[in-house]
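These notes concern the structure reproduced below.
Protein chains: 2
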Amino acid sequence: MLAVLRLSHRVFRDKRISTHLALTARAFGADEFHYTGEHDTHLEGSIERMCEDWGGNIKVEHIESPWNLIQRWKDLGGTIVHLTMYGIDLTDKLTELRRKDKLLIVVGGVKVSGAIYELADYNIAIGNQPHSEVAALAVFLDQISGSKARKRKFENAKNVITPSEEGKIMEKVE
Amino acid sequence: MLAVLRLSHRVFRDKRISTHLALTARAFGADEFHYTGEHDTHLEGSIERMCEDWGGNIKVEHIESPWNLIQRWKDLGGTIVHLTMYGIDLTDKLTELRRKDKLLIVVGGVKVSGAIYELADYNIAIGNQPHSEVAALAVFLDQISGSKARKRKFENAKNVITPSEEGKIMEKVE
């Protein structure tokens, strides 16, 4: 079980970044994508349409605050991983994290509350440089699954790509 | 030598995605970031300021069209890698690509010309699902360097993070 929590979404400024986060979550194996901040029906609709066309069924949910979700996750014996450039590098904890069967990955927004650092079981950096929450999430999820998740088959897909060295090959399944 | 070429940047719509791409390029080991589309002094300024604070000196350059850069790269014996969800998976070519010492990584914008697929020596997918050019670039660069590039030291950095399991530790070097 793999869930992503994106903090403090802002409809106008973060529209594309949060969409990229949700699509990255879906492509690299997450089952759920929760977000706090502003409720964004456009974001939810675009991920839903993506699932209709490309298969799978990641659950996308807006929540008022992160605390209940984090508490629920802890009650169920899940592990909270906060991705932050201040954390310790993924490599140092990769073997340990791969053994967990219930991960909630928290990715920050504008300003992350200190409480998140404290509640997290792991504060993990994908390098200690400023870059992108999308980059951090992608590398984290890809390494956790040993690149397997991104290659899995998506159920009920209408669009199916055949990998090609030279161009675009896509089958439309109706 | 590692360069990234971002196609068809649009100042308004792509501002944050292109900034994330440039920061990802920098953090994961690229020496140069070129982009076509609209010239964006704001994007260039923000990467420049980032280098002043966090060190290193990735070169950011707007170019009118991709063709001269690609041709120059080919003339110098470089390899062109186009990241696309239609390509073949990175895993299949990773060993081969790690041996190249001069890579130009092309990441698409709105609509990628068919000529890019043809001119590229490799059309590489990070999974065959729609997600994010930032995610694709991050996973590609991280795997090419075996996660080493993101852990390297940046020269002349004013901000230096000490990795921490619990909070934020950053030194300001003047």
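Protein chains in written order, with the numbering used here: chain X, 30 to 203; chain D, 30 to 203. Note that CB positions come from ideal geometry on N, CA and C, so glycine has one too. The model shown is predicted, which means the values in this text are computed figures rather than measured ones.
Quick one: list the residues of chain X neighbouring residue i, beta-carbon separation under 9 Å, in chain order.
i	result
D118(D)	S176, R179, K180, P192
H49(D)	I46, H49, H160, S161, E162, V163, A164
For residue i, would you say it is in contact with chain X, using Cβ-to-Cβ distances shorter than 8 Å as the test?
i	result
F62(D)	no
M114(D)	yes
H91(D)	no
F41(D)	no
G156(D)	yes
I198(D)	yes
Please list the partners that residue i has in chain X, where partner means a Cβ-to-Cβ separation under 7 Å.
i	result
R45(D)	R45, I46
V135(D)	Residues of chain X passing the Cβ test: none, with the nearest at roughly 15 Å.
V168(D)	A167, V168, D171
For residue i, decide whether its Cβ has a neighbour in chain D, counting only Cβ atoms nearer than 8 Å.
i	result
V163(X)	yes
A56(X)	yes
Against residue i, what residues of chain D qualify as contacts under a CB-to-CB distance less than 9 Å, listed in chain order?
i	result
I53(X)	The question names Ile, but residue 53(X) in the sequence shown is Thr. Ordered by position in chain D, the residues that pass the 9 Å Cβ test against T53(X) are H160, S161, V163, A164.
For residue i, which residues of its own chain have a beta-carbon under 6 Å away from its beta-carbon, when the five flanking residues on both sides are left out?
i	result
N157(X)	M114
V139(X)	S37
K129(D)	T108
Y146(D)	N152
R176(D)	Note on identity: in this sequence residue 176(D) is Ser, with Arg being the wrong assignment. Within the same chain, S176(D) has no close Cβ partners at all.
T191(D)	I198
Could you pull out every residue in the same chain whose Cβ sits closer than 8 Å to the Cβ of residue i, ignoring the five residues on either side in sequence?
i	result
V202(D)	A186, K187, N188, V189
K171(X)	Checking the sequence shown, residue 171(X) turns out to be Asp, not Lys. Result list for D171(X): F57, A178, R179, in chain order.
K88(D)	D60, E61, F62
D69(D)	H38, V40, K44, S47, H91
D150(D)	T108, I109, V110
Please indicate yes or no: does the CB of residue i lie closer than 7 Å to some heavy atom of the ligand ADP?
i	result
D118(D)	For the ligand ADP, the structure offers nothing, since it holds no ligand at all.
Skipping 5 residues on each side, what residues in its chain have a beta carbon closer than 7 Å to that of residue i?
i	result
N86(D)	C80
E184(X)	G84, G85
S207(X)	There is simply no residue 207(X) to check, as chain X begins at 30 and stops at 203 in what is shown.
A144(X)	none
A167(X)	T53, F57
G137(X)	L36, T113, E162
L148(D)	I99, I109
W102(D)	I109, L133
At 8 Å on the CB atoms, spell out the chain D contacts of residue i, in chain order.
i	result
E195(X)	Y146, E147, N152
How would you list, in chain order, the residues of chain D whose beta-carbon sits under 7 Å from the beta-carbon of residue i?
i	result
A32(X)	Those do not exist, as A32(X) stays about 17 Å from chain D at its closest Cβ, beyond 7 Å.
Check: Is there contact here, the segment 76-89 of chain X with the segment 45-57 of chain X, by at least three beta-carbon pairs under 8 Å?
Finding: With three or more CB-CB distances shorter than 8 Å, the segment 76-89 of chain X counts as touching the segment 45-57 of chain X.
Check: Name the residues in the segment 69-88 of chain X whose C-beta lies less than 7 Å from a C-beta of chain D; which are they?
Finding: Cβ contacts with chain D: M79, W83.
Next item on the list: Would you be able to state if there are at least three C-beta pairs under 8 Å between the segment 96-110 of chain X and the segment 132-139 of chain X?
Entry: yes
Notebook entry, point to check: Three or more beta-carbon pairs under 8 Å between the segment 154-168 of chain X and the segment 160-169 of chain D, yes or no?
Noted result: yes
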